[in-house]
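The next block holds one structure in the form of structure tokens; read it before the comments.
Protein chains: 2
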Amino acid sequence: MNANKIPDIIIGRLPVYLRALQHMQDMGLKTTSSQELGERVGISAAQIRKDISQFGEFGKQGTGYSIEYLIKQLREILKVDRIWDMVIVGAGDMGHAVANYQGFSDRGFSIVAIFDNDKSKVGQKIGQFTIEDSETMVNRIKSLDVKIAMLSVPASAAQAVADQLMQAGVRAILNYAPISLNVPNNVKVQYIDPSTHLQRMTYYL
Amino acid sequence: MNANKIPDIIIGRLPVYLRALQHMQDMGLKTTSSQELGERVGISAAQIRKDISQFGEFGKQGTGYSIEYLIKQLREILKVDRIWDMVIVGAGDMGHAVANYQGFSDRGFSIVAIFDNDKSKVGQKIGQFTIEDSETMVNRIKSLDVKIAMLSVPASAAQAVADQLMQAGVRAILNYAPISLNVPNNVKVQYIDPSTHLQRMTYYL
DNA sequence: CTTATTTTGTACAATTCGGTACAAGTGCTT
DNA sequence: AAGCACTTGTACCGAATTGTACAAAATAAG
């Protein structure tokens with residue numbers, strides 16, 4: 002792996018490649034080519050080859066890539082060759098749906114705690130989790146040494162909660178609240194706002 | 002407004018600007034500058050000016066932009082100066098959460114029907130909606146003339162359902178299933194896969 | 001009325017990104 | 001063992017995107 006600075010945009014495509022490769026592996030395939038992978042994910046073969054070659058020579062001329070090996074490499078590059086603990090803040094409908102989602106463990110993530118500031122929710126169960134009080138959140142996250150949080154609180158509370166999360170040592174936030182967060186450079190945010198995603202498409206209708 | 006082809010990447014930023022502007026309006030602000038807006042959304046002021054100026058001269062030197070006017074313009078550009086009907090396919094946890102989400106109507110969208118292929122769910126209520134049978138989906142969507150769908154079925158079913166949706170005339174799909182969809186050029190897809198979003202951040206941790 | 005301050009829209013420059021094309025390696029067939 | 005089909009990794013180039021800088025317009029202050 003080069004010590005070069007890899008562009009964000011490339012890093013952003015790797016999880017898509019990884020997801021497609023795992024799907025192919027589940028279907029029993031052993032090898033693939035940049036051509037085939039490209040058709041699956043809707044990206045040109047050359048782009049995929051160039052992206053992957055940023056990190057090493059993982060393919061073999063004439064035969065393509067070993068799916069198992071490429072998955073292993075991508076998981077290492079993306080640091081999901083391990084399990085990351087996460088917390089959820091906000092136990093509304095979205096918090097519930099995310100907490101019940103079964104798709105995290107296969108992809109490198111595990112929920113370890115859920116918080117809400119509504120005292121009437123505290124103590125209730127979501128699956129195997131018990132909703133904890135937001136007031137205890139910062140210390141709890143510190144003691145669990147959690148670096149990733151999913152934020153599913155109302156927009157009006159999102160920045161304040163994000164500030165608390167950062168104070169607790171969180172470095173990556175998946176933000177379901179429909180508002181842009183202000184964070185320093187060493188904290189990453191990804192946004193999931195269905196209305197924003199939809200508005201990106203209506204222009205073309 | 003120029004008839005020029007506007008790059009996707011610019012269209013993608015407009016909903017973020019719009020969301021921030023609506024937030025500012027809710028706070029009672031009347032005008033803003035590219036500087037202020039940029040700080041809010043984490044994009045350079047010059048970038049914002051250039052993006053907006055693609056569509057016309059909406060600002061005034063010395064004072065900036067009227068928030069109300071700019072919102073109006075952006076809503077027209079993005080075609081959310083109207084209400085788009087949408088359907089949800091898949092009434093699992095995520096389908097439920099999306100169906101109960103209250104944030105669509107303010108932003109140009111309205112859910113009109115929910116489908117599932119599980120006969121035991123058909124007829125059950127989610128909020129004011131009754132889950133309908135997938136078998137009736139294509140004709141129902143055609144008769145409702147719906148162009149936008151949210152896809153919250155398992156990955157294994159997603160492509161087949163997407164094909165049905167397109168057959169029914171759907172032109173924009175918000176895909177919650179963790180798989181890349183194969184669609185023709187005249188159909189738009191946006192992806193919401195929390196694991197993929199998370200994997201985009203772990204690289205930097 | 002004049003001057004200082006703010007802010008837009010855009011010309012120009014720099015950088016980043018993606019596509020094209022191909023040498024070279026691999027395996028298969030004959 | 002020679003020829004063929006396939007595929008990678010990369011050099012090169014053009015396109016797309018972003019940053020810099022500033023003229024011009026609007027307002028505010030004195």
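Those protein sequence lines, which keep their order, are chains L and U. Residues 2 to 206 (the working numbering) are what the first sequence spells out, left to right. Residues 2 to 206 (the working numbering) are what the second sequence spells out, left to right. Every residue gets a Cβ at the ideal spot worked out from N, C-alpha and C, and that includes glycine.
Run through DSSP, which three-state label would residue i get?
i: L/Met2; result: Caution is warranted here: a pLDDT of 39 is assigned to L/Met2, below 50, making its placement in the model unreliable, and the coordinate value is therefore given only provisionally. L/Met2 falls in the coil class under three-state DSSP.
i: U/Met151; result: strand
i: L/Ser111; result: strand
i: U/Lys61; result: strand
i: L/Ser181; result: coil
i: L/Tyr204; result: coil
i: U/Ser135; result: helix
i: U/Tyr66; result: strand
i: L/Ala169; result: coil
Comparing C-alpha positions only, which one of the options sits nearest to residue i?
i: L/Ile112; options: L/Ile149, L/Thr203 and L/Lys120; result: L/Ile149
i: L/Asp107; options: L/Ile72, L/Gly124 and L/Glu133; result: L/Ile72
i: U/Gly170; options: U/Gly43, U/Ser144 and U/Gly57; result: U/Ser144
i: U/Met61; options: U/Val88, U/Arg41, U/Thr32 and U/Val81; result: Going by the sequence as given, residue 61 of chain U is Lys instead of Met. Comparing Cα-Cα distances from U/Lys61 to each of U/Val88, U/Arg41, U/Thr32 and U/Val81, the minimum goes to U/Thr32.
i: L/Leu22; options: L/Leu199, L/Glu40 and L/Met202; result: L/Glu40
i: L/Thr197; options: U/Gln191, U/Asn187 and U/Ser45; result: U/Gln191
i: L/Arg172; options: L/Thr64, L/Lys122, L/Trp85 and L/Met202; result: L/Trp85
i: L/Gln160; options: U/Val147, U/Val42 and U/Gly29; result: U/Val42
i: L/Asp119; options: L/Met202, L/Gly96 and L/Ser135; result: L/Ser135
i: L/Gln125; options: L/Arg141, L/Glu69, L/His97 and L/Asp27; result: L/His97
i: L/Phe130; options: L/Asp146, L/Val139, L/Tyr102 and L/Leu38; result: L/Tyr102
i: L/Glu69; options: L/Gly29, L/Thr203 and L/Leu199; result: L/Gly29
i: L/Phe105; options: L/Val90, L/Asp94 and L/Arg83; result: L/Arg83
Less than 8 Å between CB atoms is the rule here; does residue i satisfy it with respect to chain U?
i: L/Ala4; result: Because the pLDDT at L/Ala4 is just 45, under 50, the model does not fix this residue reliably, and the value given afterwards should be weighed accordingly. Answer no: the Cβ-Cβ gap between L/Ala4 and chain U never drops below 8 Å.
i: L/Asp94; result: yes
i: L/Tyr204; result: yes
i: L/Lys189; result: yes
i: L/Gln160; result: no
i: L/Tyr102; result: yes
i: L/Ile180; result: yes
If you drop the 5 nearest sequence neighbours on each side, which residues of the same chain put their C-beta closer than 7 Å to that of residue i?
i: U/Leu206; result: none
i: L/Ile7; result: Gln55
i: L/Ala163; result: Leu152, Ile174, Leu182 and Val184
i: U/Ser121; result: none
i: L/Thr64; result: Thr32
i: U/Asp194; result: Pro179
Of all Cβ atoms in chain L, is any one closer than 8 Å to the Cβ of residue i?
i: U/Pro207; result: Any question about residue 207 of chain U goes unanswered here, given that chain U covers just 2 to 206.
i: U/Gln26; result: no
i: U/Ser196; result: yes
i: U/Leu175; result: yes
i: U/Ile59; result: One detail in the question is off: residue 59 of chain U reads as Phe in this sequence, not Ile. Judged by the 8 Å Cβ criterion, U/Phe59 is not in contact with chain L.
i: U/Arg50; result: no
i: U/Ala114; result: no
With DSSP as the reference, identify every bridge partner of residue i, one or two as the case may be.
i: U/Gln191; result: U/Leu175
i: L/Ile127; result: L/Phe130
i: U/Val90; result: U/Phe116 and U/Leu152
i: U/Ser54; result: DSSP lists no partner for U/Ser54.
i: L/Thr33; result: L/Tyr66
Only counting the same chain, and skipping five residues up and downstream in sequence, which positions put a Cβ closer than 8 Å to that of residue i?
i: U/Leu15; result: Asp52, Leu75, Ile78 and Leu79
i: U/Ile11; result: Asp52 and Gln55
i: L/Ile142; result: Val88, Ala114, Ala150, Leu166, Ala169, Gly170 and Val171
With a threshold of 6 Å on Cβ separation, who are the neighbours of residue i within its own chain once the five nearest residues in sequence on each side are excluded?
i: L/Leu166; result: Ala150
i: U/Ala92; result: Ile115, Asp117, Lys122 and Ile132
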